[in-house]
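This report refers to the structure that appears directly beneath it.
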Amino acid sequence: MKQRKIVHILIDNASRLDFFQRVLNNENTTPSCVFHSNIYTYVLAKTKKHPGSHILLRQSKVKKNTAQSSIEEIKGQGEYQYGINLSNFKQLVEPNDELWVFSGFQYVALEIKTTHHNIRYFEIANFPNKYQSSYTGVNADADHHHKIDELRTTHTVTPREIELLKTQLLTFRPPHVDSSILSKALEQFVNLIGFHCLKTTAPHSSPLQQLKTAIEIHRVRKIIHNHKHLQRPSNFNLFIGQVAQDSQTLFQSNTNAIDSIKNAHQDSESKGLPLVVRLHPGEKQLCVIQEQIRFCKQEGILICNQGALLESVLQSERIYTINSTGGLHSLLLEKPVTLYGNSFYQDWKASDVVLYHQHLLQELHSPNS
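Residue numbering for the sequence shown follows this note's numbering, starting at 8 and increasing by one per position.
Here is the structure:
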C-alpha cells in the first residue's frame, strides 16, 4: 500500500493563504502543519479554522544560515542577521515530508531551505484561474522546458486549440494588479506589530515606509491610467514592462528596465519601426515609473497602456521584454519575442504554450466551488 504523502505549508501573507486553500481543495489534500511567518495570517487561519496545525515561526538569536539575499532584503536595501527558531519545524517535519512554498525567494523560505530540501514551489500562472508548481523552483528555475520537450513527442496541438487559448487571453487582466491598497496596508501594519512585539520572522519596513508605499502605488496607478488613452502608431514593436522588484526581474535576469528599453529601442529602430513601451500596472515604486517615463520622453519613445496586454501584442510586429510571461502569451500570436533575462519559455512556439497550459498548469478553483 502506497504511503500517504505528508504536506506542510509555509505562509507569509493573506493572499497566499487564500491561494493555498484553493490549491489544497484542488489537490484534495489536507496539510499537517501550516507555518506562518506573520501574525496576521496566523490569527486569520485560526479564526477561520483552516485545516492543519498552525504554528507561528519566531526569530532566533542565532545568526541566519543563508548567504543569499532575500527579496525583502533587496527591497529594503539592507541585510538582516537574525536566524529563525526552527525547533518546532524540525520536530514536526520529517525529511521526506513535502513543504509547499510560494515563490521561495522570501527570507524565511531561504532559511528553511538550508535545513529542508523536499520543497514544492508554487506560483500563480499568468493565465485565468491557473497555477504552476515545480520541485526545482519557479519560472526560469522551474523544469517546465524539460517537460515540454517530452510532451512534444507524445502530443499534437491543433490550430483550433491555439485559437481558443488566444481568445481566452485577449481580455485577461491578472487579478493581483487591482488588489486593494488599504487592506494590504492594514495587513502590513498588523504584521509590523507582530514583528517587533512577538519577534515573528518575516522582515518588515517601518510604518512610515509602508504609508509611503501605499501612496506611491496609488500615484503609479493614476499615472498608468493617464497612459491608457494615448494612441499607438499603426505599425510598431512593443516592450512589455515588469515590476522592478518582482522576483523574476531580480533573481532571474542581470539587467533592468532602462537598459532593456534602450536595447529594444535600438533594435526596433534598426528594423525601421517605432518602439512602444507598456508600463506594468502592478509597479509599486513611483520613482521606477517616473524614471521610465523620463527616459522614454528623452528618447522619443511612446508609452501606451491602452486595452488588454494581448490586444497590444496583437497589433504589434515584435515583442521585447526582460522575461515577462507576457512574452509567453505573445508566442500564441506568432510574434517574435526578444528576451533580455532568463526564461523557461526560451525558444518555445505557440504549440508549446498550449501544451504548457493544458498539461503543466493546474486549475485554481474558486474557494466556494
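Virtual Cβ for every residue (Gly too), placed ideally from N, Cα, C.
Could you give the residue range of the alpha helix (DSSP H) that holds L286? Counting from 1 along the sequence shown, the entry for residue 286 is found at position 279. Here L286 belongs to no alpha helix (DSSP H), and DSSP marks it neither H nor E.
Would you list the residues sitting across from I3 in a DSSP beta bridge?
Because the chain spans 8 through 376 in this model, residue 3 falls outside it and cannot be assessed.
Reduced DSSP category for E105 - H, G, I as helix; E, B as strand; rest coil
Position 98 of the sequence shown, counting from 1, holds the residue named residue 105. Residue state for E105 is assigned as strand, using DSSP reduced to three classes.
Please return the same chain residues whose Cβ sits closer than 7 Å to the Cβ of F258, not counting the five positions on each side in sequence. Working through the sequence shown from its first residue, we reach residue 258 at position 251. Same-chain partners within the cutoff: F112.
Taking the C-alpha atoms as reference points, what is the distance between H336 and V360?
-> Taking the first residue of the sequence shown as position 1, residue 336 is located at position 329. Taking the first residue of the sequence shown as position 1, residue 360 is located at position 353. Within the model, the alpha-carbon separation for H336 versus V360 is close to 8 Å.
Mind checking whether the beta-carbon of G279 lies closer than 7 Å to any heavy atom of the ligand FMN? As for the ligand FMN, it is missing from this structure, which has no ligand bound.
Across the stretch 224-240 and the stretch 262-273, are there enough close Cβ pairs to call them in contact, namely three or more that are closer than 8 Å? Below 8 Å, too few C-beta pairs join the stretch 224-240 and the stretch 262-273 to call them touching: fewer than three.
Helix, strand or coil at T160 [DSSP, three-state]:
The residue you call residue 160 lines up with position 153 of the sequence shown. In this structure, T160 counts as helix in the three-state DSSP scheme.
Cutoff 7 Å; reference S212; Cβ partners in own chain excluding five residues on either side = If you number the sequence shown from 1, residue 212 lands on position 205. Once the five neighbours on either side are set aside, the close Cβ partners of S212 are G83.
**Asked** Within 8 Å (strictly less), CB to CB, does H372 reach chain B?
**Response** Chain labels in this structure do not include chain B; a single protein chain is all it has.
Report task. Report the three-state DSSP secondary structure of S311 (helix, strand or coil). Result -> The residue you call residue 311 lines up with position 304 of the sequence shown. The residue asked about is misnamed: residue 311 is Cys in this sequence, not Ser. Coil.
Exposed unless 16 or more other CB atoms sit within 10 angstroms - verdict on T54: Counting from 1 along the sequence shown, the entry for residue 54 is found at position 47. Exposed is the call here.
**Message:** Output needed for L3: all residues of its chain with C-beta closer than 8 Å, excluding positions within five of it in sequence on either side, in chain order.
**Reply:** Only positions 8 to 376 of the chain appear in this structure, which leaves residue 3 out of reach.
Could you give the residue range of the alpha helix (DSSP H) that holds E168?
Within the sequence shown, residue 168 is the residue found at index 161, counting from 1. DSSP places E168 inside the alpha helix (DSSP H), whose first and last residues are 166-176.
- Query: Going by other Cβ atoms of all chains shown within 10 Å of its Cβ, with 16 needed for buried, is L189 buried or exposed?
  - Reply: Taking the first residue of the sequence shown as position 1, residue 189 is located at position 182. L189 is exposed by the Cβ-count criterion.
Q. So, helix, strand or coil for Q238, using DSSP?
A. Locating residue 238 in the sequence shown gives position 231, where the first residue counts as 1. DSSP places Q238 in coil when its eight states are reduced to three.
Quick one: what's G90 bridged to in DSSP? Along the sequence shown, read from residue 1 onward, the residue named residue 90 stands at position 83. According to DSSP, which records beta bridges pairwise, G90 is partnered with S67.
**Q.** Opening and closing residue of the alpha helix (DSSP H) in which S319 lies
**A.** One-based indexing of the sequence shown puts residue 319 at position 312. S319 -> alpha helix (DSSP H) spans 316-322.
query: Is DSSP giving T256 helix, strand or coil here?
result: Sequence index remark: in the sequence shown, residue 256 carries index 249 (1-based). Secondary structure at T256: helix, using DSSP grouped into helix, strand and coil.
task = Spell out the partners DSSP gives H43 in its beta bridges.
result = Indexing the sequence shown from 1 puts residue 43 at position 36. Per DSSP, I18, L63.
| request: Using three-state DSSP, classify N263 as helix, strand or coil. | output: Taking the sequence shown and counting its residues from 1, one reaches residue 263 at position 256. The DSSP-derived three-state label of N263 is coil.
message: Let's see if you can read the secondary structure: which residues bound the beta strand (DSSP E) around Y128?
response: As a first step, residue 128 is located in the sequence shown; it is residue number 121 there, counting from the start. Counting along the chain, Y128 sits inside the beta strand (DSSP E) bounded by residues 126-131.
* To which residues of the same chain is V197 closer than 7 Å at the C-beta, ignoring the five residues directly before and after it? -> Walking along the sequence shown from the start, residue 197 turns up at place 190. For V197, where only same-chain residues beyond five positions count, the Cβ hits under 7 Å are I46, Y47.
*asked:* Under 8 Å, with one C-beta from each stretch per pair, do the stretch 343-351 and the stretch 320-333 reach the 3-pair mark?
replied: Yes, the stretch 343-351 is in contact with the stretch 320-333.
Q: Within the same chain, show all residues whose beta-carbon is closer than 8 Å to that of F26, passing over the 5 residues directly before and after it, in chain order.
A: In the sequence shown, counting from the first residue as 1, residue 26 sits at position 19. Within the same chain, F26 has close Cβ partners F109, F129, I131, Y138, L371.
| request: Tell me whether I13 sits in a helix, a strand or coil according to DSSP, three-state version. | output: Indexing the sequence shown from 1 puts residue 13 at position 6. If DSSP states are grouped into helix, strand and coil, I13 belongs with coil.
Pick helix, strand or coil for Q369, following the three-state DSSP scheme.
To locate residue 369, count along the sequence shown from 1; it is residue 362. Three-state DSSP puts Q369 in a strand.
What does the Cβ neighbour count give for P102, buried or exposed, with the cut at 16 atoms within 10 Å? To locate residue 102, count along the sequence shown from 1; it is residue 95. In the assembly as shown, P102 is an exposed residue. Its beta-carbon has fewer than 16 other beta-carbons within 10 Å.
Checklist entry - Where does E290 land, buried or exposed, given buried means 16+ other C-beta within 10 angstroms? => result For the purposes of this step, residue 290 is taken as the residue at position 283 of the sequence shown. Classification of E290: buried, given that the 10 Å Cβ count is 16 or more.
For L346, report the span of its beta strand (DSSP E) as first-last. Translated into positions along the sequence shown, residue 346 becomes position 339. 344-346 is the span of the beta strand (DSSP E), which, as asked, contains L346.
query: Counting along the chain, where does the beta strand (DSSP E) carrying Q139 start and finish?
result: By one-based count along the sequence shown, residue 139 stands at place 132. DSSP places Q139 inside the beta strand (DSSP E), whose first and last residues are 137-141.
Starting from I247, trace the beta strand (DSSP E) in both directions and tell me its first and last residue.
As a first step, residue 247 must be located in the sequence shown, where it is residue number 240. Start and end: 244-247.
Problem - Buried or exposed by the 16-neighbour rule on C-beta atoms within 10 Å, applied to S267 - result: Position 260 of the sequence shown holds residue 267. Here S267 is buried. Its C-beta has 16 or more other C-beta atoms within 10 Å.
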